[in-house]
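Chemist:
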Amino acid sequence: MYSKILILRFPATEVEKPIVCYLVKDYDLTFNILNAAVLPRKEGVMVLELTGTRKNFKDGVQYLKNQGVQVENASQEIKRIKKKCTHCGACTAVCPTGALCIQRPEMIVEFDQKKCSVCELCVPACPTRAMETRPTNKAFF
Amino acid sequence: MSAMKNYKINKTYQEINERIRSGEVVVVTAEEIIDIVRDEGPVEAARRVDVVTTGTFAPMCSSGAFVNFGHSVPTIKTSKVWLNNVSAYAGVAAVDCYIGATEPCEDDPLNKVYPGEFNYGGGHVIQDLVAGKKVHLKAIAYGTDCYPNRMIEKEILLRKLPQATLCNPRNGYQNYNCAINLSKKTIYTYMGTLKPKAANANYCSSGQLSPLFNDPYYKTIGLGTRIFLGGSTGYVTWHGTQHNPLAKRTKKGVPVGPAGTLWVMGDLKKMSPKWLMGVSIQGYGCSLAVGLGIPIPVLNEEIVQYTAVSDEELFTQIIDYGHDYPNGISKSYGQVSYADLKSGHIKFRGEEIPAVPLSSMVRAREIAEMLKNWISKGKFLIGEPQFTLPA
Ligand code: SF4
Ligand code: SF4
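The listed protein sequences correspond, in order, to chains E and G. The numbering of the first sequence is the numbering used here, which starts it at 1 and goes up by one. The numbering of the second sequence is the numbering used here, which starts it at 1001 and goes up by one.
Below, the structure is given as structure tokens:
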């Protein structure tokens, strides 16, 4: 499963059409609208998290672009949900930057966000799903 | 039975439990005992220390729970049961089922989108139950004169169930492989992600804190041994499946590869979601991370000597999961110590490669400390086994 937070900008002419619904129907994607607004000049802006298989995700984004929708990646960051982390260490096998590393001899798994490249490899590699992708800036408008 | 060995220190289970009741008991963890035995020698250590506590917290696939969900009207003898859309085995009586940790939910794409994510399965159902969450139960049946109903659906809550018992047929493996991948592509295994050309080595044991490493010949462990299980009290009820006491051992008696295993049980209603966590192992499947700890009664100086084993004296084999393991080839590419593994690097074919743990030392230590605390406060007595595991 692939998931990304996108900022969609709809031209004024497309605002009325249920474009996003086709993502569900035709591309088997699920979405979670994080924010939406129609700006004064009638163009629409929507921030949503789009989830599906990597291929469907790509096809869905292409479909949006074909409809004249501007698609941007929202800036994202990786956060660790402390309560879910068991300090097992499994994520350190995939983290390419050393943002996730083991402090010895205690064997505590440290997460240094400054070193994180947001490659997201740890997200599916963490058995308890403690690593999460989040938008960095909630104020999009 | 041959004549009892002559020990300088002899303590019975009853004497140790008396000391627990009176609050005089001396309990240390399997890490703390290492220096005590080194400094004072086994006889002094055995005189002073009564119990050594161990712990481990890791995915243990062979886990699950028997759930009795109570009768409904009209009555039903369920033949298929799903809990949150995860299939549970229903071939046991009318309203009993067994939810296994590795069962994925019905609409999981599995490895069709490789490597699969396995976001929800039996292990997660068990965690949701102990977390007090509502779980959706659906069951179908063929209908009989005494059980005419053919379908039920209801929400269940653990505390309202007539009974729920954690019953894990194979936990606490005494040692496990160190996994590498000698193939040319990344593989996703129950031993975690393994990069090609032996770019990482994964291992899964709490080493010197691991229960069966501290009593290698199972001299104090058997049916009736009271343990820490899932945050509460449980019991060893049998030797686990694949229990293999005949594995090769070091001079000190510890096996150098997978050996003994435990069959454990306990009341699910008393357990906690911190110590029973559903896990998703990328490309492999769902499982349950289980918190397990065994207190080892120091009956004599021989037992305390076993518990003093350290990571430098514990070894495992490097096994290739790229080609050998899936083809049933058992070949070791070398023996490594847990001290080396825990250092973060091992030497393999002349090169340093990162060693990655899958078993949480932080949680293992917490379990050993909790057990120590329970015993010191008189809340947990040592269970004397009816018979010990086959050695
Ligand atoms: S894999 Fe997940 S649970 Fe394990 S140490 Fe990393 S973040 Fe924590
Ligand atoms: S997103 Fe990538 S760099 Fe950041 S912690 Fe996860 S694996 Fe490491």
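Just so it is clear, CB atoms sit at the ideal spot from N, CA and C, and this is done for glycine as well. Computed from a predicted structure; not experimentally measured.
1. So, for V1027 (chain G): in the same chain, excluding its five sequence neighbours on each side, which residues have a beta-carbon less than 7 Å away from its beta-carbon?
2. Counting pairs of beta carbons, one from the stretch 1166–1180 of chain G and one from the stretch 1239–1248 of chain G, are three or more of them closer than 8 Å?
3. To the nearest angstrom, how far is it from the Cα of A130 (chain E) to the Cα of V123 (chain E)?
4. Considering only residues of the same chain and omitting the five flanking positions on each side of P1148 (chain G), which have a CB-CB separation below 6 Å?
5. Run down chain G in chain order and give the residues with a C-beta less than 9 Å from the C-beta of M131 (chain E).
6. Where do the ends of the beta strand (DSSP E) carrying I1034 (chain G) lie?
7. Quick one: measure Cβ to Cβ for A1164 (chain G) and A1090 (chain G), integer angstroms, because I've assumed they're closer than 8 Å.
8. Given D1215 (chain G), which residues of its chain have a CB within under 8 Å of its CB, disregarding the five upstream and five downstream residues?
9. Please determine whether the Cβ atom of L1194 (chain G) lies at a distance below 7 Å from any heavy atom of ligand 2.
10. Please list, in chain order, all residues of the same chain as K1008 (chain G) whose beta carbon is under 7 Å from its beta carbon, the five residues on each side excluded.
11. May I ask you to verify whether the stretch 1110–1128 of chain G touches the stretch 1032–1041 of chain G, counting CB pairs closer than 8 Å and requiring at least 3?
12. Output yes or no for whether 8 Å exceeds the beta carbon distance between Q1174 (chain G) and L1212 (chain G).
13. If you scan the stretch 1318–1349 of chain G from start to end, which runs of the beta strand (DSSP E) of 3 or more residues do you find wholly inside it?
14. Out of G:S1063, G:Y1142, G:M1361, G:A1198, state which residue places its alpha-carbon closest to the alpha-carbon of M1277 (chain G).
15. Would you list the one or two residues that DSSP bridges to M1060 (chain G)?
16. Residues of the stretch 102–118 of chain E in Cβ contact with chain G at a cutoff of 9 Å, in chain order, please.
17. Given that a residue counts as buried once 16 or more other Cβ atoms are within 10 Å of its Cβ, and exposed if not, what is E1031 (chain G)?
18. Cβ-heavy atom distance between I1076 (chain G) and ligand 2 below 7 Å?
19. Find the residues of chain G that neighbour P124 (chain E), judging by a C-beta separation of less than 7 Å, and give them in chain order.
20. So, is P127 (chain E) buried or exposed, given that buried needs 16 or more other C-beta atoms within 10 angstroms?
21. Along the stretch 71–91 of chain E, where does the CB come closer than 7 Å to a CB of chain G? Name the residues.
22. Excluding the five sequence neighbours on either side, which residues of its own chain have a C-beta within less than 8 Å of the C-beta of M107 (chain E), listed in chain order?
23. Under 8 Å between the Cβ atoms of Q76 (chain E) and T30 (chain E)?
24. What in chain E is Cβ-close to G1383 (chain G), meaning under 8 Å?
25. So, using beta-carbon positions, are E49 (chain E) and I5 (chain E) closer together than 8 Å?
26. Comparing alpha-carbon positions, which option in G:Y1217, G:D1311, G:N1084, G:S1360 lies nearest D1107 (chain G)?
27. Of all the CB atoms in chain G, is at least one closer than 8 Å to the CB of P127 (chain E)?
28. So is the beta-carbon of T1117 (chain G) under 7 Å away from any non-hydrogen atom of ligand 2?
29. Closer than 7 Å by beta-carbon distance: list the chain G residues that pair up with T53 (chain E), in chain order.
30. For Y1284 (chain G), count neighbouring Cβ atoms within 10 angstroms of its own Cβ and tell me buried if that reaches 16, exposed if not.
31. Extract the residue ranges of the beta strand (DSSP E) inside the stretch 16–66 of chain E, only unbroken runs of 3 or more that lie entirely within it.
32. Kindly indicate which three-state DSSP category G1100 (chain G) falls into: helix, strand or coil?
33. Would you tell me roughly how many angstroms separate the C-alpha atoms of L1157 (chain G) and C116 (chain E), rounded to the nearest one?
34. Hey, G1207 (chain G) and Y1338 (chain G): beta-carbon distance below 8 Å or not?
35. Skipping 5 residues on each side, what residues in its chain have a beta carbon closer than 8 Å to that of T1078 (chain G)?
36. In the DSSP output, which residue or residues are listed as bridge partners for K1080 (chain G)?
Modeler: Looking at the coordinates:
1. Counted from its first residue, the second sequence places residue 1027 (chain G) at position 27. Excluding positions up to five away in sequence, the list reads D1050, V1051, T1053, K1372, I1375, S1376.
2. yes
3. As a working mapping, residue 130 (chain E) is identified with position 130 in the first sequence. As a working mapping, residue 123 (chain E) is identified with position 123 in the first sequence. Their Cα atoms are separated by approximately 8 Å.
4. What you label residue 1148 (chain G) is simply residue 148 of the second sequence in a count that begins at 1. Excluding sequence neighbours, P1148 (chain G) sits near P1074.
5. Counting from 1 along the first sequence, the entry for residue 131 (chain E) is found at position 131. Here the premise fails: no neighbours, minimum Cβ distance about 12 Å.
6. In the second sequence, residue 1034 (chain G) corresponds to position 34, counting from 1. No beta strand (DSSP E) holds I1034 (chain G); the alpha helix (DSSP H) holding it covers 1032–1048.
7. Working through the second sequence from its first residue, we reach residue 1164 (chain G) at position 164. Working through the second sequence from its first residue, we reach residue 1090 (chain G) at position 90. Between A1090 (chain G) and A1164 (chain G) the Cβ distance is about 15 Å, and since that is not below 8 Å, they are no contact.
8. Residue mapping note: residue 1215 (chain G) aligns to position 215 of the second sequence, counting from 1. These residues qualify, in order along the chain: I1221, I1294, I1296, I1303, Y1306, T1307.
9. Your numbering for residue 1194 (chain G) matches position 194 in the second sequence. Checking the Cβ of L1194 (chain G) against ligand 2 gives no.
10. By 1-based counting over the second sequence, the position of residue 1008 (chain G) is 8. Here the set comprises V1043, E1301.
11. no
12. Start at 1 with the first residue of the second sequence, and residue 1174 (chain G) comes out as number 174. Start at 1 with the first residue of the second sequence, and residue 1212 (chain G) comes out as number 212. Yes, these two residues count as a Cβ contact at 8 Å.
13. 1335–1337, 1345–1348
14. Taking the second sequence and counting its residues from 1, the one referred to as residue 1277 (chain G) is at position 277. Comparing Cα-Cα distances from M1277 (chain G) to each of G:S1063, G:Y1142, G:M1361, G:A1198, the minimum goes to G:S1063.
15. As a position in the second sequence, residue 1060 (chain G) is number 60, starting the count at 1. According to DSSP, M1060 (chain G) bridges with nothing at all.
16. I102, R104, P105, E106, M107, I108, V109
17. As a first step, residue 1031 (chain G) must be located in the second sequence, where it is residue number 31. E1031 (chain G) should be labelled buried.
18. The residue given as residue 1076 (chain G) occupies position 76 in the second sequence. Checking the Cβ of I1076 (chain G) against ligand 2 gives no.
19. As a working mapping, residue 124 (chain E) is identified with position 124 in the first sequence. Result: E1117, Q1282.
20. As a working note, residue 127 (chain E) is residue 127 in the first sequence. Looking at its Cβ environment, which holds 16 or more other Cβ atoms inside 10 Å, P127 (chain E) is buried.
21. T86, H87, C88, G89, A90
22. By one-based count along the first sequence, residue 107 (chain E) stands at place 107. Excluding positions up to five away in sequence, the list reads H87, G89.
23. Position 76 of the first sequence, counted from the first residue, corresponds to residue 76 (chain E). Position 30 of the first sequence, counted from the first residue, corresponds to residue 30 (chain E). It is not a contact, given that the beta carbons lie outside the stated cut-off.
24. Translated into the one-based positions of the second sequence, residue 1383 (chain G) becomes position 383. What G1383 (chain G) touches in chain E: nothing, since even the nearest Cβ is about 27 Å away.
25. Locating residue 49 (chain E) in the first sequence gives position 49, where the first residue counts as 1. Locating residue 5 (chain E) in the first sequence gives position 5, where the first residue counts as 1. It is a contact, given that the beta carbons lie within the stated cut-off.
26. Walking along the second sequence from the start, residue 1107 (chain G) turns up at place 107. Checked all of G:Y1217, G:D1311, G:N1084, G:S1360; the closest Cα to D1107 (chain G) is G:N1084.
27. Working through the first sequence from its first residue, we reach residue 127 (chain E) at position 127. Taking Cβ atoms only, chain G reaches closer than 8 Å to P127 (chain E), which makes this a yes.
28. Position 117 of the second sequence holds residue 1117 (chain G). Before going on, a small fix: residue 1117 (chain G) reads as Glu here, not Thr. E1117 (chain G): no, Cβ never under 7 Å from ligand 2.
29. Within the first sequence, numbered from 1, the residue matching residue 53 (chain E) stands at position 53. By Cβ distance, chain G contributes V1113.
30. Here residue 1284 (chain G) is taken as the residue at index 284 of the second sequence, counted from 1. Result: buried.
31. 30–38, 44–52
32. Locating residue 1100 (chain G) in the second sequence gives position 100, counting from the first residue. Strand at G1100 (chain G).
33. For the purposes of this step, residue 1157 (chain G) is identified with residue 157 of the second sequence, where counting begins at 1. For the purposes of this step, residue 116 (chain E) is identified with residue 116 of the first sequence, where counting begins at 1. Distance between the alpha carbons of L1157 (chain G) and C116 (chain E) is about 40 Å.
34. Along the second sequence, read from residue 1 onward, the residue named residue 1207 (chain G) stands at position 207. Along the second sequence, read from residue 1 onward, the residue named residue 1338 (chain G) stands at position 338. A contact, by the Cβ cut-off of 8 Å.
35. Working through the second sequence from its first residue, we reach residue 1078 (chain G) at position 78. A1090, A1094, V1095, C1097, A1139, I1140, A1141, I1152, listed in sequence order.
36. The count along the second sequence starts at 1 and reaches residue 1080 (chain G) at position 80. Bridge partners of K1080 (chain G): G:I1140.
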